[in-house]
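2 protein chains.
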Amino acid sequence: MRPEIELLVGYLAKTGQKVTRQRLLVAERFLAAEGHLSAEELYHVMLDEGTKVGLATVYRSLKTLVAAGLAQERRFPDGAARYEAVFGEPLHDHLVCTECGAIMEMPNPCVDRLYQMAQAEHGFVATSHRLVITGRCAACSQR
Amino acid sequence: MRPEIELLVGYLAKTGQKVTRQRLLVAERFLAAEGHLSAEELYHVMLDEGTKVGLATVYRSLKTLVAAGLAQERRFPDGAARYEAVFGEPLHDHLVCTECGAIMEMPNPCVDRLYQMAQAEHGFVATSHRLVITGRCAACSQR
DNA sequence: CTTAGTGCAAAGTATTTGCAGTATG
DNA sequence: CATACTGCAAATACTTTGCACTAAG
Numbered sequence: 001m002r003p004e005i006e007l008l009v010g011y012l013a014k015t016g017q018k019v020t021r022q023r024l025l026v027a028e029r030f031l032a033a034e035g036h037l038s039a040e041e042l043y044h045v046m047l048d049e050g051t052k053v054g055l056a057t058v059y060r061s062l063k064t065l066v067a068a069g070l071a072q073e074r075r076f077p078d079g080a081a082r083y084e085a086v087f088g089e090p091l092h093d094h095l096v097c098t099e100c101g102a103i104m105e106m107p108n109p110c111v112d113r114l115y116q117m118a119q120a121e122h123g124f125v126a127t128s129h130r131l132v133i134t135g136r137c138a139a140c141s142q143r
Numbered sequence: 001m002r003p004e005i006e007l008l009v010g011y012l013a014k015t016g017q018k019v020t021r022q023r024l025l026v027a028e029r030f031l032a033a034e035g036h037l038s039a040e041e042l043y044h045v046m047l048d049e050g051t052k053v054g055l056a057t058v059y060r061s062l063k064t065l066v067a068a069g070l071a072q073e074r075r076f077p078d079g080a081a082r083y084e085a086v087f088g089e090p091l092h093d094h095l096v097c098t099e100c101g102a103i104m105e106m107p108n109p110c111v112d113r114l115y116q117m118a119q120a121e122h123g124f125v126a127t128s129h130r131l132v133i134t135g136r137c138a139a140c141s142q143r
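Protein chains in written order, with this note's numbering: chain S, 1 to 143; chain C, 1 to 143.
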């Protein structure tokens, strides 16, 4: 079993929530994908694979994963919220191409410094962040 | 007249669009606000002030402002798109409090370095970015 | 006058919620 | 068995679109 699932089960127990088949299925499939999935996309992936779940349950389960600290909600300029696995992932940011919509990842070496600035200048206790850099990817910038 | 309005008029002329009363009104009011306004909020502000515009026109005009390079669309975790004036604004990032929803601004000293990394590592030509740091503001973190 | 822009209301998306039935602790 | 969870459909929030009318060039 994925170690993340154990964390999820622990979180559910701790908060008095139930370990249901659907929550586990959504978590499994979500963690296996490792991409930037929207709720709707994950829902369709699961349907296509023959897993019977309701769309509302996918939404609810993803929110649970966020609450458990296993996923982060991210919003790209195109509208829908996308979710990304957090566990064991190094912090990274996103490059989004305005031409073709491609999404790339890039590590961010400045995070610590920014968190310190937020604390020093605003008394703000940062817990996470999200950085999107928009522009044109290698392929599109050559056209 | 605000210099931004001149830029807008120039952009409209260049692209064969018309300089309408509504576009000017929306632009004026938007630029005067200088905040992180959603379309709906701007619409209500204008109504309250007795300016007669349609909600759809506010949406359309804001998109025009983005196209003209005077505004940027930003998405915070709470759902609605918010717009921010670009002209003359130094680049800055946002601190969003997960407790009370407060939004603060903070300059970012690392931007150049990140843009260079994107170019060097992915051949990505960055044109803008958006960084949101979430956490708890000074007031909320003390409770 | 010709064409683009406006306002309204209807149609789309993305997401949440109410409720009756179902499964977990 | 008591209660939280699910699935569905209806509701909501945000944004876009079709269309007849108005106004800019």
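Positions of the beta carbon are idealized from the N, C-alpha and C atoms, including for glycine.
For residue i, which residues in the same chain have their Cβ closer than 6 Å to its Cβ, ignoring the five residues on either side in sequence?
i	result
L55(C)	Y43
A39(S)	V58, Y59 and L62
T98(C)	T134
Y115(C)	A126
T15(C)	none
Can you have a look at residue i and say buried or exposed, based on whether 16 or more other CB atoms are within 10 angstroms of its CB?
i	result
M117(S)	buried
C100(S)	exposed
V58(S)	buried
E49(C)	exposed
H129(C)	buried
E4(C)	buried
A81(S)	buried
R136(S)	buried
T64(C)	buried
R143(S)	exposed
L37(S)	buried
R75(S)	buried
Check the C-beta distance from residue i over to residue j and give it rounded, since I have them as a contact under 8 Å.
i	j	result
V45(C)	R60(C)	Not confirmed; about 17 Å, so no contact.
V96(C)	P77(C)	7 Å
Quick one, are the C-beta atoms of residue i and residue j less than 8 Å apart?
i	j	result
V125(C)	H94(C)	no
A27(C)	L8(C)	yes
T51(S)	L25(S)	yes
E121(C)	M106(S)	yes
G123(C)	A138(S)	yes
Tell me the DSSP bridge mates of residue i?
i	result
L131(S)	L131(C)
S61(S)	None, per the DSSP bridge assignment.
E73(S)	Y83(S)
S38(C)	R82(C)
C97(C)	G135(C)
A126(S)	G135(C)
Among residues of its own chain, excluding the 5 on either side of residue i, which ones have a beta-carbon nearer than 7 Å to its beta-carbon?
i	result
Q22(C)	V53, T57 and S61
E73(C)	V66, A81 and Y83
A68(S)	L7, L8 and Y11
V86(C)	G69, L70, A71 and Q72
V19(C)	V9 and L12
L31(C)	R2, E4 and A85
C140(S)	C97, E99 and C100
Skipping 5 residues on each side, what residues in its chain have a beta carbon closer than 8 Å to that of residue i?
i	result
Q119(C)	V125 and A126
G35(S)	E84
H92(C)	E105, M106, P107 and N108
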